[in-house]
Amino acid sequence: MKRIYDKEAIDEAIKNSMYRGVLESLNVPMYICEYEDGEMVVAPYKENDLFYITISGSMSIYFIRNDGSSYHLAYSAIDSFMGDNELFDTINHGVYGEASGTLRCLAFSVKDSKKALLENAVFLRVLAKTLSERFKFIALQDAAPSSLTERVISYMTYISENKTIKGVEKTAYQLHCSPRQLQRILNTLEKSGTIKKLGKGSYEMIIDS
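Its first residue numbered 2, the sequence shown is counted upward by one per residue in this note's numbering.
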(Lines of atoms letter the chains of each structure in order from A and count residues from 1; the text may use other names and numbers.)
(Lines give C-alpha, C1' and ligand atoms only; values in the text may rest on other atoms or scores of the structure.)
Protein backbone atom coordinates (compact mmCIF):
# COMPACT_ATOMS: atom_id res chain seq x y z
CA MET A 1 0.00 0.00 0.00
CA LYS A 2 1.26 3.45 -0.95
CA ARG A 3 0.14 6.67 0.72
CA ILE A 4 -0.23 9.83 -1.35
CA TYR A 5 -0.33 13.23 0.36
CA ASP A 6 -0.58 15.40 -2.77
CA LYS A 7 -3.08 18.15 -1.84
CA GLU A 8 -4.21 18.75 -5.43
CA ALA A 9 -4.92 15.04 -5.94
CA ILE A 10 -6.84 14.86 -2.67
CA ASP A 11 -8.87 18.00 -3.44
CA GLU A 12 -9.66 16.64 -6.92
CA ALA A 13 -10.81 13.31 -5.46
CA ILE A 14 -13.10 15.09 -3.01
CA LYS A 15 -14.45 17.34 -5.77
CA ASN A 16 -15.29 14.33 -7.99
CA SER A 17 -16.89 12.26 -5.23
CA MET A 18 -20.66 11.94 -4.98
CA TYR A 19 -20.09 12.58 -1.26
CA ARG A 20 -18.32 15.89 -1.86
CA GLY A 21 -20.57 17.81 0.51
CA VAL A 22 -20.08 15.24 3.27
CA LEU A 23 -16.31 15.06 2.81
CA GLU A 24 -15.91 18.83 2.82
CA SER A 25 -17.98 19.10 5.99
CA LEU A 26 -15.85 16.59 7.91
CA ASN A 27 -12.79 18.84 8.23
CA VAL A 28 -10.44 15.92 9.01
CA PRO A 29 -6.94 15.19 7.59
CA MET A 30 -7.17 12.96 4.51
CA TYR A 31 -4.76 11.25 2.14
CA ILE A 32 -4.96 8.74 -0.71
CA CYS A 33 -4.13 5.04 -0.32
CA GLU A 34 -3.15 3.09 -3.43
CA TYR A 35 -3.35 -0.72 -3.49
CA GLU A 36 -2.14 -3.13 -6.16
CA ASP A 37 -4.23 -5.98 -7.58
CA GLY A 38 -4.76 -8.70 -4.96
CA GLU A 39 -3.52 -6.59 -2.05
CA MET A 40 -5.60 -6.83 1.11
CA VAL A 41 -7.24 -3.59 2.19
CA VAL A 42 -9.23 -5.01 5.10
CA ALA A 43 -8.74 -8.37 6.86
CA PRO A 44 -9.37 -9.78 10.37
CA TYR A 45 -5.65 -10.25 10.96
CA LYS A 46 -4.77 -6.78 9.67
CA GLU A 47 -4.78 -3.98 12.22
CA ASN A 48 -6.62 -1.04 10.75
CA ASP A 49 -7.58 2.43 11.93
CA LEU A 50 -8.71 3.85 8.59
CA PHE A 51 -12.01 4.73 7.01
CA TYR A 52 -11.92 4.35 3.22
CA ILE A 53 -13.93 5.80 0.34
CA THR A 54 -12.98 4.37 -3.05
CA ILE A 55 -12.13 6.94 -5.72
CA SER A 56 -10.90 4.66 -8.54
CA GLY A 57 -10.72 0.95 -9.19
CA SER A 58 -12.73 -1.62 -7.27
CA MET A 59 -12.52 -3.93 -4.30
CA SER A 60 -13.98 -7.40 -3.73
CA ILE A 61 -15.50 -7.81 -0.26
CA TYR A 62 -16.04 -11.37 0.97
CA PHE A 63 -16.48 -13.44 4.11
CA ILE A 64 -14.44 -16.54 4.98
CA ARG A 65 -16.44 -19.18 6.86
CA ASN A 66 -14.96 -21.42 9.56
CA ASP A 67 -14.68 -24.29 7.06
CA GLY A 68 -12.51 -22.13 4.79
CA SER A 69 -15.15 -21.53 2.11
CA SER A 70 -15.78 -17.96 0.95
CA TYR A 71 -19.01 -16.01 0.56
CA HIS A 72 -19.13 -12.92 -1.61
CA LEU A 73 -20.63 -9.89 0.13
CA ALA A 74 -20.18 -7.06 -2.34
CA TYR A 75 -18.17 -5.68 -5.21
CA SER A 76 -17.12 -2.25 -4.02
CA ALA A 77 -16.90 0.34 -6.79
CA ILE A 78 -16.28 4.10 -6.77
CA ASP A 79 -17.66 5.99 -3.74
CA SER A 80 -18.04 2.85 -1.61
CA PHE A 81 -17.24 2.87 2.12
CA MET A 82 -15.07 0.57 4.23
CA GLY A 83 -14.11 1.04 7.87
CA ASP A 84 -17.44 0.94 9.69
CA ASN A 85 -16.12 -1.77 12.06
CA GLU A 86 -13.43 0.60 13.25
CA LEU A 87 -15.87 3.49 13.59
CA PHE A 88 -18.30 1.58 15.79
CA ASP A 89 -15.71 -0.50 17.67
CA THR A 90 -17.02 -3.82 16.35
CA ILE A 91 -14.81 -6.83 15.68
CA ASN A 92 -14.13 -8.06 12.16
CA HIS A 93 -14.99 -11.77 12.35
CA GLY A 94 -13.94 -12.79 8.86
CA VAL A 95 -14.60 -10.01 6.33
CA TYR A 96 -11.89 -9.36 3.75
CA GLY A 97 -11.52 -6.48 1.30
CA GLU A 98 -9.20 -7.24 -1.63
CA ALA A 99 -8.16 -4.85 -4.41
CA SER A 100 -9.36 -5.90 -7.86
CA GLY A 101 -6.81 -4.18 -10.06
CA THR A 102 -5.20 -0.93 -8.95
CA LEU A 103 -7.38 0.61 -6.25
CA ARG A 104 -7.26 4.15 -4.86
CA CYS A 105 -9.15 5.28 -1.78
CA LEU A 106 -9.52 8.49 0.17
CA ALA A 107 -8.59 7.58 3.72
CA PHE A 108 -8.58 9.17 7.13
CA SER A 109 -7.91 7.97 10.67
CA VAL A 110 -11.00 6.80 12.53
CA LYS A 111 -9.28 7.28 15.89
CA ASP A 112 -8.40 10.90 15.18
CA SER A 113 -11.72 11.70 13.48
CA LYS A 114 -14.22 9.58 15.41
CA LYS A 115 -15.86 12.39 17.39
CA ALA A 116 -16.29 14.55 14.27
CA LEU A 117 -17.69 11.60 12.28
CA LEU A 118 -20.22 10.52 14.90
CA GLU A 119 -21.44 14.11 15.34
CA ASN A 120 -21.91 14.65 11.59
CA ALA A 121 -25.55 13.84 10.80
CA VAL A 122 -25.06 13.99 7.01
CA PHE A 123 -22.17 11.52 7.17
CA LEU A 124 -24.16 9.12 9.38
CA ARG A 125 -27.15 9.22 7.00
CA VAL A 126 -24.94 8.38 4.03
CA LEU A 127 -23.23 5.59 5.97
CA ALA A 128 -26.58 4.14 7.08
CA LYS A 129 -27.82 4.11 3.47
CA THR A 130 -24.65 2.36 2.29
CA LEU A 131 -24.84 -0.31 4.99
CA SER A 132 -28.56 -0.80 4.34
CA GLU A 133 -27.87 -1.49 0.66
CA ARG A 134 -25.11 -3.95 1.60
CA PHE A 135 -27.45 -5.84 3.98
CA LYS A 136 -30.16 -5.88 1.31
CA PHE A 137 -27.74 -7.47 -1.14
CA ILE A 138 -26.74 -10.15 1.39
CA ALA A 139 -30.38 -10.92 2.29
CA LEU A 140 -31.43 -11.23 -1.33
CA GLN A 141 -28.45 -13.43 -2.11
CA ASP A 142 -29.34 -15.75 0.78
CA ALA A 143 -32.94 -15.98 -0.44
CA ALA A 144 -31.98 -16.28 -4.09
CA PRO A 145 -33.69 -18.94 -6.26
CA SER A 146 -31.74 -22.15 -6.85
CA SER A 147 -31.26 -22.04 -10.63
CA LEU A 148 -28.68 -19.69 -12.12
CA THR A 149 -31.21 -18.29 -14.61
CA GLU A 150 -33.55 -17.34 -11.76
CA ARG A 151 -30.65 -15.84 -9.81
CA VAL A 152 -29.65 -13.68 -12.78
CA ILE A 153 -33.23 -12.44 -13.24
CA SER A 154 -33.56 -11.81 -9.49
CA TYR A 155 -30.26 -9.93 -9.43
CA MET A 156 -31.22 -7.69 -12.36
CA THR A 157 -34.71 -7.09 -11.01
CA TYR A 158 -33.97 -6.35 -7.36
CA ILE A 159 -30.27 -5.61 -6.87
CA SER A 160 -28.49 -4.12 -9.88
CA GLU A 161 -28.70 -0.40 -10.56
CA ASN A 162 -31.33 0.46 -13.19
CA LYS A 163 -31.94 -3.29 -13.75
CA THR A 164 -28.68 -3.39 -15.69
CA ILE A 165 -25.61 -5.62 -15.71
CA LYS A 166 -22.31 -3.94 -16.53
CA GLY A 167 -19.36 -6.31 -16.69
CA VAL A 168 -19.85 -10.06 -17.01
CA GLU A 169 -16.81 -11.05 -14.95
CA LYS A 170 -17.67 -8.76 -12.04
CA THR A 171 -21.32 -9.87 -12.01
CA ALA A 172 -20.37 -13.55 -12.27
CA TYR A 173 -18.30 -13.16 -9.12
CA GLN A 174 -21.27 -11.67 -7.30
CA LEU A 175 -23.56 -14.48 -8.46
CA HIS A 176 -21.07 -17.23 -7.54
CA CYS A 177 -20.72 -18.61 -11.06
CA SER A 178 -18.17 -18.51 -13.86
CA PRO A 179 -18.20 -15.75 -16.52
CA ARG A 180 -18.84 -18.44 -19.14
CA GLN A 181 -21.90 -19.73 -17.27
CA LEU A 182 -23.28 -16.22 -16.86
CA GLN A 183 -22.66 -15.33 -20.50
CA ARG A 184 -24.56 -18.44 -21.59
CA ILE A 185 -27.54 -17.43 -19.43
CA LEU A 186 -27.43 -13.84 -20.72
CA ASN A 187 -27.41 -15.06 -24.33
CA THR A 188 -30.46 -17.23 -23.62
CA LEU A 189 -32.33 -14.40 -21.89
CA GLU A 190 -31.51 -12.05 -24.75
CA LYS A 191 -32.88 -14.50 -27.32
CA SER A 192 -36.07 -14.92 -25.28
CA GLY A 193 -36.59 -11.15 -25.15
CA THR A 194 -36.16 -10.94 -21.37
CA ILE A 195 -33.12 -8.67 -21.59
CA LYS A 196 -31.44 -6.60 -24.28
CA LYS A 197 -27.76 -6.07 -24.96
CA LEU A 198 -26.50 -2.50 -24.55
CA GLY A 199 -22.87 -3.13 -25.45
CA LYS A 200 -19.99 -5.42 -24.62
CA GLY A 201 -20.72 -6.99 -21.23
CA SER A 202 -23.76 -4.73 -20.63
CA TYR A 203 -27.37 -5.92 -20.53
CA GLU A 204 -30.66 -4.36 -19.45
CA MET A 205 -33.87 -5.96 -18.26
CA ILE A 206 -36.78 -5.35 -20.64
CA ILE A 207 -39.70 -3.95 -18.66
CA ASP A 208 -43.17 -4.64 -20.03
CA SER A 209 -45.17 -1.45 -20.47
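The C-beta atom is built at its ideal place from N, Cα and C for all residues, glycine as well.
Grab me the residues of residue 98's own chain with a C-beta within less than 6 angstroms of its C-beta, minus the 5 sequence neighbours each way, in chain order.
Locating residue 98 in the sequence shown gives position 97, where the first residue counts as 1. Result list for residue 98: 42, 43, 60, 62, 83, in chain order.
Terminal residues of the beta strand (DSSP E) in which residue 172 lies
Looking up residue 172 in the sequence shown gives position 171. Careful: residue 172 lies outside any beta strand (DSSP E), inside the alpha helix (DSSP H) at 169-175.
Of the listed residues 64, 80, 149, nearest to residue 18 (C-alpha basis)
For the purposes of this step, residue 18 is identified with residue 17 of the sequence shown, where counting begins at 1. Out of 64, 80, 149, 80 has the C-alpha closest to the C-alpha of residue 18.
Over the uninterrupted beta strand (DSSP E) stretch that includes residue 35, give me the two end residues.
What you label residue 35 is simply residue 34 of the sequence shown in a count that begins at 1. Its beta strand (DSSP E) spans residues 32-36.
Residue 50 vs residue 112 beta-carbon contact at 8 angstroms
As a working mapping, residue 50 is identified with position 49 in the sequence shown. As a working mapping, residue 112 is identified with position 111 in the sequence shown. Yes.
Classify residue 53: buried if its beta carbon has 16 or more other beta carbons within 10 angstroms, exposed otherwise.
One-based indexing of the sequence shown puts residue 53 at position 52. Its Cβ being crowded by 16 or more others within 10 Å, residue 53 is buried.
Count the other CB atoms within 10 Å of the CB of residue 132; is the residue buried (16 or more) or exposed (fewer)?
Numbered from 1 along the sequence shown, position 131 holds the residue referred to as residue 132. Per the 10 Å Cβ criterion, exposed.
Contact check, residue 32 vs residue 117 under 8 angstroms by CB: the rounded distance?
Position 31 of the sequence shown, counted from the first residue, corresponds to residue 32. Position 116 of the sequence shown, counted from the first residue, corresponds to residue 117. Actually they are not in contact, since the Cβ atoms of residue 32 and residue 117 sit about 16 angstroms apart, beyond 8 angstroms.
For residue 104, collect the residues of the same chain with a Cβ closer than 6 angstroms to its Cβ; drop the 5 residues on either side in sequence, then sort them by chain order.
Here residue 104 is taken as the residue at index 103 of the sequence shown, counted from 1. These residues qualify, in order along the chain: 36, 58, 60.
Tell me the residue span of the beta strand (DSSP E) that contains residue 78.
Counted from its first residue, the sequence shown places residue 78 at position 77. Run containing residue 78: none; DSSP gives neither H nor E here.
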